[in-house]
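**Q** Provided herewith is a single structure, encoded as structure tokens, for subsequent inquiry.
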Amino acid sequence: MNPITKAIRIQTERTSEMEHSTPLFLTSSFCYNDAEEMRAAFADETDANIYSRFSNPNSTEFIDKMVALEGAEAGFATASGMAAVFASFMTFLKSGDHILACSSVFGSTITVLNKYLPKFGIEVSYVAANDTASWEAAIRPNTKMIYMETPTNPGLDIIDLELVGKLAKKHNLLFNVDNCFATSVCQTPIAFGADLVIHSATKWLDGQGRVLGGVVVGKKELIHELYLFCRSTGPALSPFNAWILSKSLETLDVRMERHAGNALKIAQALEGHEKISWIKYPYLASHPQHAIAIKQMKNGGGLISFNLKGGLESGRNFLNNLKMLSLTANLGDTRSIASHPASTTHAKLSEAERQAVNITPGLIRISVGLEHVDDILADILQALS
Ligand SMILES: *Cc1c(COP(=O)(O)O)cnc(C)c1O
């Protein structure tokens, strides 16, 4: 079956009630009929559930769908995207190792890399998203992992997954990709050589701004290691959130098609607008890495970024003049969202630090929702004027 069908049809075994929709399994632990069945479960001889910190039917259903969508072998679901990121670092890196990360990764990931990994003797260095040619020279003898996101946040640069996948293979490095921005129905990094794929399920996977969640998928042996780390340290996804997320995946493909369709129309309409100095959307021919986007993404995704000629003050004015778009610290929702990184998410950085990750004073990021495209565009245009 096509992965999109699997994301709809994979289902936890029915209970004796023969329900059509998977019920919520709110239980912290699971029972056995006798001592032998219990022994076998603990000896990992069966895949019987033991305790919801290890596994639960709701999280298993969500994981199995994600594994199908990403073309992976196994996965583990976590309480948030950051728990997934952190587990992927702590499972596979040890004191003395080096991680090569793209400088434009999610803000909290940078904090983990800069503040917490050094406490365990793990070194990090950064490479630029738009200069993949320089990445090989940055690999050290103790480099263990390459970590990146594409499209990048919030600049929407596109990194060539195939090229980095080959580089990782050549140097025997774990290739770890946060696939949150594109989602698994648009881009599957494993097909280009990724060993691990991470998601913040909080964003497009839920797509309705309701729950936090995360997931890591990859090869069986790797995920087994990660499972052992998570089973002991406790970042498990709650059954309720897993139940929500599993339902969300049934509509992921149709939702993303509409998000991307709306985003393309808006990007095309805004291109050349007198108040905007540049606009970036992966499926606009003017995007600097458009050819790579076409190669590795099925559509351009739901995010647009553009730069206001008026800089910081214009960015704030733009937010103040929006009537419908939400001002909120999230993305990937049915409701369109506007953000101005220089005065909000990235305000604590120095001007030089912002420049290093391509955050200009007038940068606006739009997470395009599922409202009628005419209404989204009308709100953006009136705020611009
Ligand atoms: C939001 C986000 C995360 C972190 O996910 P949480 O669910 O908020 O912990 C990681 N990576 C990217 C790209 C994100 O957008």
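Each number in the working numbering comes from the position in the sequence shown (counting from 1) with 2 added on. Quick reminder that beta carbons are idealized off the backbone N, C-alpha and C, glycines included.
Verify whether the separation of the beta carbon atoms of S248 and N60 is less than 8 angstroms.
**A** A contact, by the Cβ cut-off of 8 angstroms.
**Q** Using only the alpha-carbon positions, how far apart do A295 and M68 sit?
**A** Distance between the alpha carbons of A295 and M68 is about 22 angstroms.
**Q** Looking at C-alpha atoms only, which residue of G98, K221 and L71 is the closest neighbour of A184?
**A** Comparing Cα-Cα distances from A184 to each of G98, K221 and L71, the minimum goes to L71.
**Q** Just checking my contact of S202 with G216 at CB under 8 angstroms: how many whole Å lie between their CB atoms?
**A** Yes, they are in contact, since the Cβ atoms of S202 and G216 sit about 6 angstroms apart, within 8 angstroms.
**Q** Does the beta-carbon of D180, which I'm using as the reference point, lie nearer than 7 angstroms to any heavy atom of ligand 1?
**A** Yes, the Cβ of D180 comes within 7 angstroms of a heavy atom of ligand 1.
**Q** Which residue comes first and which comes last in the beta strand (DSSP E) that contains P282?
**A** Per the sequence shown, residue 282 should be read as Lys rather than Pro. I278 to K282 is the extent of the beta strand (DSSP E) around K282.
**Q** Going residue by residue through the stretch 234–280, where are the continuous alpha helix (DSSP H) segments of at least 4 residues, counting only ones entirely within it?
**A** Whole alpha helix (DSSP H) segments, 4+ residues: 241–251 and 254–272.
**Q** Using the beta-carbon count (16 or more within 10 Å), is H374 buried or exposed?
**A** Looking at its Cβ environment, which holds fewer than 16 other Cβ atoms inside 10 Å, H374 is exposed.
**Q** Using 8 angstroms as the threshold, is the C-beta distance between T336 and G167 below it?
**A** No, these two residues do not count as a Cβ contact at 8 angstroms.
**Q** Does the distance between the C-beta of T404 and the nearest non-hydrogen atom of ligand 1 fall short of 7 angstroms?
**A** Because the chain is modelled from 3 through 387, residue 404 falls outside the range shown and cannot be assessed.
**Q** When you compare the stretch 239–256 with the stretch 308–320, are there three or more beta-carbon pairs, one atom per stretch, that lie closer than 8 angstroms?
**A** Cβ pair count under 8 angstroms is below three, so no.
**Q** Run the proximity test for T29: is its beta-carbon closer than 7 angstroms to any non-hydrogen atom belonging to ligand 1?
**A** T29 Cβ: outside cutoff for every heavy atom of ligand 1.
**Q** Please confirm whether S338 and I378 have their CB atoms less than 8 angstroms apart.
**A** Yes, the pair counts as a contact, with Cβ atoms nearer than the cut-off.
**Q** Using 8 angstroms as the Cβ pair cut-off and three pairs as the minimum, do the stretch 358–376 and the stretch 254–261 touch?
**A** Yes, the stretch 358–376 is in contact with the stretch 254–261.
**Q** Which value, in whole angstroms, describes the spacing of the CA atoms of Y44 and C232?
**A** Sequence inspection shows Phe at residue 44; the Tyr mentioned does not correspond to that position. For F44 and C232, the distance between alpha carbons rounds to 16 angstroms.
**Q** Taking the beta strand (DSSP E) that F177 belongs to, which residues open and close that run?
**A** Its beta strand (DSSP E) spans residues L176 to D180.
**Q** Using only the heavy atoms of ligand 1, determine whether one of them is closer than 7 angstroms to the beta carbon of M299.
**A** Result no, Cβ not under 7 angstroms from ligand 1.
**Q** Under 8 angstroms, do A89 and L228 count as touching if we go by C-beta distance?
**A** In contact: A89 and L228 (Cβ atoms closer than 8 angstroms).
**Q** Just to confirm, does E151 get its C-beta within under 7 angstroms of one of the non-hydrogen atoms of ligand 2?
**A** You won't find ligand 2 in this model; what it holds is ligand 1.
**Q** Going by C-alpha to C-alpha distance, which of Y53, E19, K146 and Q270 sits closest to A238?
**A** Ranking the options by Cα distance to A238, first place goes to Y53.
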